[in-house]
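Numbering (the numbering used here), first residue to last: 477 to 608.
Idealized CB from N, CA, C, for every residue including glycine.
Written below as structure tokens is the structure these notes are about.
Here is the structure:
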């Protein structure tokens, strides 16, 4: 399953400017009780709702583990971080493990600066998250 959120118009965007590419797309794969959610692009105020829906669907699918493959995330603001924290809490309440995998340096830095890297189960790659 693949979905996207279009980029919102900017205040300084000239009238008639071509629609920008989606800021966030998601793909979801499920195998053997593990759901892998793959967000690609910028996770921020404008796009967090899409990931929130995908995480809730993954948790509702009665998976034993939800892996968020962060390899394609190029940006994460406080709203995106809150979306992941909420997903973690909802997974925990459903007795499901939520794991983040393959955080890129710019996104990993947000987790380090906020101390949330200590809250999440973060794995170096999807293989380690799925197999471990």
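Hey, out of the options, whose CA is closest to residue i's CA?
i, options, result
"residue 530", "567, 606, 600", "567"
"residue 550", "604, 533, 504, 499", "499"
"residue 523", "554, 533, 512", "554"
"residue 581", "595, 506, 600, 558", "600"
"residue 604", "595, 571, 542", "542"
"residue 574", "535, 594, 588, 558", "535"
"residue 558", "592, 588, 533, 514", "592"
"residue 643", "532, 590, 594", "Examination of residue 643 is not possible in this model, given that the chain is present from 477 through 608 alone."
"residue 537", "585, 504, 596, 552", "504"
Would you kindly report the start and end of the unbroken alpha helix (DSSP H) that includes residue i?
i, result
"residue 607", "602-607"
"residue 572", "Here residue 572 belongs to no alpha helix (DSSP H), and DSSP marks it neither H nor E."
"residue 533", "524-536"
"residue 589", "581-590"
What first and last residue would you give for the beta strand (DSSP E) that runs through residue i?
i, result
"residue 504", "500-507"
"residue 517", "510-519"
"residue 594", "Segment: none, residue 594 is in no beta strand (DSSP E) and carries neither H nor E."
"residue 549", "549-552"
"residue 545", "541-545"
Pop quiz: residue i and residue j are said to be a contact at Cβ under 8 Å. What is the actual Cβ separation, rounded to whole angstroms?
i, j, result
"residue 516", "residue 556", "About 13 Å separates the two Cβ atoms, so there is no contact after all."
"residue 578", "residue 546", "6 Å"
"residue 544", "residue 560", "7 Å"
"residue 509", "residue 539", "6 Å"
"residue 583", "residue 512", "Wrong, their Cβ atoms sit about 17 Å apart, outside the cutoff."
"residue 527", "residue 501", "About 10 Å; that fails the 8 Å criterion."
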